[in-house]
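Numbering (my numbering), first residue to last: 45 to 247.
Take a look at the structure:
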């Protein structure tokens, strides 16, 4: 019962779109109808500026962290914690409160992975940040972070003493993220993906 409650609460928490709420509060607009149309921190940066974008990034990360911590406190089961983290990402991507039109879940995924597999996330996070600084492609950095964390978790789970179930859930999270970024990947291959500071290509 606690497992079901934890996963359900995590999905409902993940469904809270802070980019949507902040954009409505500041500009009275639906952020999904501006910029790239994505309800996330990167599009918030384009539409509203750096301050709101940082707020969205931190709040969306917090959703993932709270989901994992709540599950640990309710069940003490790492598998349920991972499932709850995944549920919060799914909630962000397909929020029940906003017609199931959400973001790509990167910030929430950061919160989930940092809570579950901290060392793997830190290693991949450094590589991702360097990639973003050099290339100015946020999408590329996001994909590298999530896939890199997954690879490290799968191949070095015993070294970091991660439960086996974490490998399965990180693979699921990576597949979900790659699918959500499929249009970005196509543009990256074609060389016409938007960089930080450039006019965005609508998605």
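Backbone N, C-alpha and C define an ideal beta-carbon position, used for all residues, glycine too. Predicted model, so just to flag it, every value in this text is computed and none were measured.
Going straight from the alpha carbon of residue i to that of residue j, what length do you get?
i	j	result
residue 223	residue 137	11 angstroms
residue 128	residue 142	20 angstroms
residue 134	residue 121	20 angstroms
residue 172	residue 183	10 angstroms
residue 199	residue 205	11 angstroms
residue 60	residue 96	16 angstroms
residue 45	residue 225	34 angstroms
residue 100	residue 207	31 angstroms
residue 78	residue 91	7 angstroms
residue 67	residue 233	31 angstroms
Going by the beta-carbon positions, is the gap between residue i and residue j smaller than 8 angstroms?
i	j	result
residue 193	residue 175	no
residue 160	residue 131	no
residue 157	residue 165	yes
residue 240	residue 221	no
residue 70	residue 83	no
residue 108	residue 154	yes
residue 119	residue 186	no
residue 209	residue 123	yes
Can you give the beta carbon distance from residue i to residue j, rounded, assuming they're within the 8 angstroms contact cut?
i	j	result
residue 201	residue 188	Between residue 188 and residue 201 the Cβ distance is about 20 angstroms, and since that is not below 8 angstroms, they are no contact.
residue 149	residue 63	Rounded, the Cβ-Cβ distance is 12 angstroms, inconsistent with contact.
Worksheet item: Does the stretch 105–114 come close enough to the stretch 53–64 that 3 or more CB-CB pairs lie under 8 angstroms?
Response: yes
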